[in-house]
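Encoded as structure tokens, the structure appears first; notes follow it.
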């Protein structure tokens, strides 16, 4: 049984079900790029529909597209079309599905967007609240004075 | 946008009440992956000051396996670039980052502000260091290396370009670093064209594991180069740009062609590229001819004499009579 399956693997189709119920039919070799899915298939040989409970349909579509098209050129342009919110959700998806290439591509893109930007800018963009108390903040500023100079005041 | 209440323990990430995804919910190792790409100065100046949670992640030794301070002056105001004050700050930052690594440091890249004292500081705290780059560090001396080399036994890659190291440093490095695979040692203070194989011979004798060697500008002769090819049988990548004392006599070109997969020799003129391509494509029997230099070799085989009348143009060495 196992040998038959591997011979037909290139044409076998699987269904992935996103958290919002959207279904995607993908070839087995595409699904295998998602190591989490691969492990699932290895454990449950006859499965046809695989639930992906933490990824929305719209992001799963993007992930599948990435796997199909990834190359140096594609990766370089890939991240430009997404806003920070989508990038974060895509990164969480890539992490959950264990797709290392996509994860690296996204981490690189996000790092690029916060390069040489002030902490205030980063907080705004990432929706992070700075919960240092004013006293803590003052103490940090004093102790590491050299750290707070010469940055874009974005 | 409403924010949640203020008094929470410093390390717990606080959630803003918003429908937008929360970046603080990212797994720690992913956040670490992103922040590490920012480079050492960026992390210390900006990233870790965003919130206590990121501050905490930036204290993790796993964030500090690679310290990259290779192009640092971008981060500082023009007024202080190029001043001793900046160098002091950079040294302090570097020491701070080395402390954070807690012995896990594997790779470090420093441009120009390195000193003997900093080198010692690193050596005393980073016994696992495998890659070191100290570019244009004029304040690092042979004595500095002599004192610390024996602590860097795991070094695989050393780049001390544009520095003032002499054969003394090479000797002590060769003796102390048995795992060395890559050496960049060029732009020495002595740029004279006087033949000198001292450095080449030390490399040949003590660095038998080398796979990559960049010695551009070195005053070595054919003797030194042959010694290196003999002494470093694993050598696959070699940069001998501006090594003007090389004559490539006898079958030295053949040896280079056979052994070296990636050769940089700095095209002095278009002629050199033609020669290399010609030699690479031609049959090996041309190497049996009894000639004194590679220029003669090409001349004797090539039918197109006209193009080569002015082959001496732009060549600085004294190969051609």
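Residue numbers (our numbering), protein chains in the order written: chain Z, 272 to 425; chain E, 946 to 1266. We put the beta carbon where it would ideally sit given N, CA and C, even for glycine.
- Secondary structure note for residue 1078 of chain E: its beta strand (DSSP E) is the uninterrupted segment 1076-1080.
- Collapsing the DSSP output to three states places residue 407 of chain Z in a helix.
- Distance from the Cα of residue 312 of chain Z is smallest, within the candidate group Z/330, Z/284, Z/334, for Z/284.
- Residue 297 of chain Z has Z/285 as its beta-bridge partners, per DSSP.
- Taking 8 Å as the CB threshold, residue 996 of chain E lines the interface with chain Z.
- Beta-bridge partners assigned by DSSP to residue 1084 of chain E: E/1060.
- Taking 8 Å as the cut-off, the beta carbon of residue 1061 of chain E is found closer than this to the beta carbon of residue 1084 of chain E.
- A residue is called buried once 16 or more other Cβ atoms fall within 10 Å of its Cβ, and residue 1016 of chain E, having fewer, is exposed.
- Shown in chain order are the members of the segment 348-359 of chain Z whose Cβ falls below 7 Å from a Cβ of chain E: 356, 359.
- Annotation: Cβ neighbours of residue 390 of chain Z in chain E (cutoff 7 Å, chain order): 991, 994, 995.
- Here residue 986 of chain E really is in contact with residue 1014 of chain E; their C-beta atoms are around 6 Å apart, less than 8 Å.
- Within the DSSP bridge table, the entry for residue 1014 of chain E names E/1055 as partners.
- Beta-bridge analysis with DSSP links residue 1129 of chain E to E/1104, E/1159.
- Interface residue (Cβ-Cβ distance to chain Z less than 8 Å): residue 1002 of chain E is not classified as such.
- The bridge partners DSSP lists for residue 1207 of chain E are E/1182.
- Residue 310 of chain Z places its beta carbon 8 Å or farther from that of residue 287 of chain Z.
- Considering only E/994, E/1149, E/1004, the residue with the shortest C-alpha distance to residue 404 of chain Z is E/994.
- Cβ-Cβ distances below 7 Å link residue 1201 of chain E to 1208 in the same chain, with the five nearest sequence neighbours on each side left out; the list follows chain order.
- Between residue 325 of chain Z and residue 290 of chain Z, the C-beta gap is smaller than 8 Å, which places the two residues in contact.
- Scanning chain Z for C-beta atoms nearer than 9 Å to the C-beta of residue 982 of chain E yields 378, 379, 381, 382, 383, 386, reported in chain order.
- Here residue 331 of chain Z is buried, its C-beta having at least 16 other C-beta atoms within 10 Å.
- A direct Cα-to-Cα measurement between residue 319 of chain Z and residue 982 of chain E gives close to 39 Å.
- Each residue's CA atom was taken as its position, placing residue 1145 of chain E and residue 1196 of chain E some 19 Å apart.
- If you check the CB distance, residue 1071 of chain E and residue 1093 of chain E do not come in under 8 Å.
- In this structure, the beta-carbon distance from residue 365 of chain Z to residue 334 of chain Z falls below 8 Å.
- Not a single C-beta of chain E is nearer than 8 Å to the C-beta of residue 338 of chain Z.
- The C-beta of residue 297 of chain Z comes no closer than 8 Å to any C-beta of chain E.
- About 16 Å separates the beta carbons of residue 1101 of chain E and residue 1115 of chain E, which is beyond the 8 Å limit, so they are not a contact pair.
- Chain-order list of chain E residues neighbouring residue 363 of chain Z: 966, 970, 971, 972, 975, by C-beta distance under 9 Å.
- Spanning the alpha carbons of residue 363 of chain Z and residue 294 of chain Z requires a straight line of approximately 19 Å.
- When DSSP states are grouped into helix, strand and coil, residue 320 of chain Z belongs to the strand group.
- A distance of 8 Å or more separates the beta carbons of residue 1184 of chain E and residue 1168 of chain E.
- Secondary-structure assignment with DSSP links residue 395 of chain Z through no beta bridge to anything.
- Per the coordinates, the alpha-carbon of residue 1000 of chain E lies some 11 Å from the alpha-carbon of residue 980 of chain E.
- If one requires a minimum length of 3 residues, the beta strand (DSSP E) runs lying completely within the segment 978-1016 of chain E are 1011-1014, in chain order.
- Contacts with chain E (Cβ-Cβ distance below 7 Å) from the segment 395-410 of chain Z involve 397, 398, 399, 400, 401, 402, 403, listed in chain order.
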